[in-house]
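K.L.:
Protein chains in written order, with the numbering used here: chain A, 3 to 298; chain B, 96 to 434. C-beta atoms are modelled at their ideal positions from N, C-alpha and C, and glycine is treated no differently. Predicted model, so just to flag it, every value in this text is computed and none were measured.
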Amino acid sequence: MSITNWSLISLLSSSIEQCKSIEFMPLTSTDEYKVYCYCEENIYLCLNILEIKPIVSLCYSFIFSKDYQQDNQLNISTRVLLCYTTECLTSWNIRRRLLLSRIINIQEELQFLDILLNLKPKSEQLFRYRRWILKQEEIDKVSTNKELELCDRTAEKHFINYASWLHRRWIIQYLNVNIDEELERNRLWLEKNLSDSSGYSFRAHLLSKKVLDENLIRNELNMNDNMLEFYYDRESLWIYRQTLIFLAMKLQIIDKKQLLSNELDSIKKIQENFFSNRYSRLLNTLLSSDGKQFRT
Amino acid sequence: MGTPQRDVKVNYSEVQKDLLIEQHCAFLIGYGRSHNTYEYGATDYLRMSGIYWLCTCLDLLHSLKLIDQEHIIDYIQKCYDKNSGGYSPCPNHDPHLLYTLSAVQLLVQLNRTDLIDKQSLCSYIKQLQQDDGSFIGDQWGEIDTRFSFCAVACLKLIDSLDTIDIDRATNFIMSCLNFDGGFGCIPGAESHAGQIYCCLGFLSLVQRLDNLDLSTRNMLAWWLCERQLDKSGGLNGRPEKLPDVCYSWWVLASLKILGKIQWINREKLSKFILASQDDETGGCSDRPGNVPDPFHTLFGIAGLSLLNTYDENIIRKVNPVLCMPEYIIQKLEIKMQLL
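(1) Using 8 Å as the Cβ pair cut-off and three pairs as the minimum, do the region 400-408 of chain B and the region 374-387 of chain B touch?
(2) What would DSSP say about B/Val413, mapped onto helix, strand or coil?
(3) Taking the alpha-carbon of A/Gln46 as reference, which of A/Ser23, A/Tyr35, A/Ile65, A/Glu237 has the nearest alpha-carbon?
(4) Please list the partners that B/Lys283 has in chain A, where partner means a Cβ-to-Cβ separation under 7 Å.
(5) What does a CB cutoff of less than 6 Å around A/Ala157 pick up in its chain, not counting 5 residues either side in sequence?
(6) Could you give the distance in angstroms between the alpha-carbon of B/Cys217 and the alpha-carbon of B/Asp308?
(7) With a threshold of 6 Å on Cβ separation, who are the neighbours of B/Pro184 within its own chain once the five nearest residues in sequence on each side are excluded?
(8) Between the region 219-252 of chain B and chain A, which residues of the former have a C-beta closer than 7 Å to a C-beta of the latter?
(9) Quick check: is the beta carbon of B/Asp374 nearer than 7 Å to any beta carbon in chain A?
(10) Between which two residues does the beta strand (DSSP E) holding A/Phe26 run?
(11) Does the beta carbon of A/Ser103 come closer than 7 Å to any beta carbon on chain B?
(12) Is the CB of A/Phe66 under 7 Å away from at least one CB in chain B?
(13) So is B/Ser310 in contact with chain A if we call contact Cβ pairs under 7 Å?
(14) Give a yes or no on whether 7 Å exceeds the smallest Cβ distance from A/Lys294 to chain B.
(15) Note down, one range per segment and in chain order, each alpha helix (DSSP H) of at least 4 residues found wholly within the region 244-275 of chain A.
(16) Any residues in the region 45-60 of chain A with a beta carbon nearer than 8 Å to a beta carbon of chain B? Which ones, in chain order?
(17) Using three-state DSSP, classify B/Tyr126 as helix, strand or coil.
(18) When the distance is taken between beta carbons, is B/Ile238 closer than 7 Å to B/Ile281?
(19) When the Cα atoms are used, what is the spatial distance from A/Leu136 to B/Gln172?
(20) Looking only at DSSP bridge pairs, what is B/Ile231 linked to?
(21) Output, in sequence order along the chain, the residues in the region 80-98 of chain A whose CB is closer than 7 Å to any CB in chain B.
(22) Against B/Phe274, what residues of chain A qualify as contacts under a CB-to-CB distance less than 7 Å, listed in chain order?
(23) For B/Glu407, name the three-state secondary structure that DSSP assigns.
(24) Quick check: what's the CA-CA separation for B/Trp318 versus B/Asn273?
(25) Verify the CB distance criterion: does B/Glu335 have a CB-CB separation below 7 Å to chain A?
(26) Secondary structure at A/Cys85, three-state DSSP: helix, strand or coil?
(27) Given that B/Cys320 touches chain A, what residues does it touch there, using C-beta distances under 8 Å?
(28) B/Trp317 CB to nearest chain D CB: under 7 Å?
(29) Within 10 Å of its beta-carbon, does A/Met3 have 16 or more other beta-carbons around it, so buried, or fewer, so exposed?
(30) Can you tell me which residues form a DSSP beta bridge with B/Pro334?
(31) Would you kindly work out how many angstroms separate the C-alpha atoms of B/Gln234 and B/Leu417, rounded to a whole number?
(32) Say whether chain A places a C-beta atom closer than 7 Å to the C-beta of B/His188.
(33) Can you give me, in chain order, the residues of the region 349-360 of chain B that have a beta carbon less than 8 Å from any beta carbon in chain A?
(34) Quick one: list the residues of chain B neighbouring A/Leu168, beta-carbon separation under 9 Å, in chain order.
(35) Flag A/Ile241 as yes if its beta-carbon sits less than 7 Å from any beta-carbon of chain B, otherwise no.
(36) Between A/Ile181 and A/Lys159, how many whole angstroms is the CB-CB distance? I'm expecting something under 8 Å.
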């Protein structure tokens, strides 16, 4: 393990610490020297996508070498590795230990995760580690807005992002976020992201946290009617409508037959398409089987 | 009639129609061998599972004899963590329940269960069960229904299911049932085909599928068959997502457990899987035209096995719960519930 190799990793580590964003791109090396990264204005770090394997290899060799086990050394080697391969659980575990012994600062680590989440917005491992860190922090030091913004950003960067919406569900619960305020934020978000089925699934989840009644569901169905008027061929809107009906059918006081018949009538007003036909078939099957069958 | 369903365009008159057995075997063997390929290093964190995908796929194609068994067994031993009793994905990496299952599956398949320290493995899994019945994956405490499945699958393979509290474990799984009939990774999480497979697999292994009433089973089976896309014939994992060959496993196996596999259009799905093969390198990718990998190759072949597209002499029957060749499950006389 040469000193030059360690210098390289240390250099990459400080570049990562100082930067505000990371990107991977092909950079041209020459016969004389290899280019591993390029930094613009001290904050935009560009890592060479063609040199991933050697760096990953190097990092692992330091992480598992008995000569590089000091806390500050592990901090450096894992920081670099995790930019290149965010899914290495063992490296995150090393950082958990460093965080618990206060070598790593919570707020700085959260910032590091912000940068990595911009790079890999749907990484389950990143979100999980983030939740673990948040649990180590005093709860009133956790910024609800920051977390919700992060969820918005990652949900927009990667469409129908399971990991992002799971994080949001956890944040709502953990930080006791007001459900009605969330419903309104969600409504506005969905207006700009009509086909995000995870966004709709989240909305249904929020509804299920309230005391479900006919009015609530009726309101949602009306909103859905308005959307379907212009966007009659968006699958997510139809799926959400189905979900509302399923939720309604769970209410004791609802007359299922009436509900389903009313639905069949109301969709006649919408322009016929693949999804409206599918929905009618479902409603008819449910009607004829008293809500027990979904497909013949 | 408006925008069609979100899907990929597949030109079925031009794509691959035959099963490229030899190419797949060559692809898988090659993947496992070369230390110089990009994959080594970058995928160390899951390599145990990678080996399991490779070996299982080869066995399904009657070609397990092509691998270097001794080398693999030696590798598995190096990944055993005697402190915890679990297995790591790669030497030096931390142990985890996910890779413990892959290791156990491999040892069972290669007929070396003598190498498993049953007591140690049982106590490893037992201490991962939480008060609410759920399972964490490792000491850092993350809960996921996938881990419940891994726990019971491991124990079932070594005939020690009563190590854990089955009632509590089942209660936790049931608490993850959503109002659309699906399951998520924790209570209140979005339904996802992968998680549904794990939860149904769990219920099948502990033989408690009856916890799902008829209406729920119908709803779930319907949700699953809605994953088949009309034009490409492929399956997605959630509404509005593109089809992916790995869902040919998660969704199909789930439907098999529910006894409703006939709700999938067999012909269309087979065509989609075959079209996702790479005729230059062998192997399957997530969808036609993309880069193949062992993960999608296994699930593509396993999917074709469940569909009975080919005779058993070509692709062996696969067990829909454990994703292992059925002959191995029969030999061990492992019982599970299928509706």
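P.N.:
Quick answer:
(1) no
(2) Of the three classes helix, strand and coil, the one that applies to B/Val413 here is strand, per DSSP.
(3) Sequence inspection shows Tyr at residue 46 of chain A; the Gln mentioned does not correspond to that position. The option with the nearest alpha carbon to A/Tyr46 is A/Ser23.
(4) The identity of residue 283 of chain B in the sequence shown is Gly, whereas the question assumes Lys. In chain order: Arg171, His207.
(5) Asn163, Ser166
(6) 32 Å
(7) Tyr140, Leu141, Arg142, Met143, Tyr194
(8) Trp235, Glu237
(9) Under the Cβ distance rule, B/Asp374 does not count among the residues neighbouring chain A, no pair being separated by less than 7 Å.
(10) 23-27
(11) no
(12) Proximity of A/Phe66 to chain B, defined by a Cβ-Cβ separation below 7 Å, is satisfied.
(13) yes
(14) So yes, A/Lys294 belongs to the interface.
(15) 258-268
(16) Ile54, Lys55, Val58, Ser59
(17) It is helical.
(18) yes
(19) 36 Å
(20) B/Ile238
(21) Thr87, Glu89, Cys90, Leu91, Thr92, Asn95, Arg98
(22) Those within 7 Å of B/Phe274 in chain A are Ser210, Phe248, Leu249, Lys252.
(23) coil
(24) 12 Å
(25) yes
(26) helix
(27) Arg297
(28) No chain D is present in this structure, whose protein chains are A and B.
(29) Its pLDDT being 48, under 50, A/Met3 is placed unreliably in this model, and the value from its coordinates should be taken loosely. By the neighbour-count rule (16 or more Cβ atoms within 10 Å), A/Met3 is not buried but exposed.
(30) In the DSSP output, where bridge partners are listed per residue, B/Pro334 has none listed.
(31) 25 Å
(32) yes
(33) Trp358
(34) Gly279, Cys280, Ile281, Ala284, Glu285
(35) yes
(36) That pair is no contact at about 26 Å.
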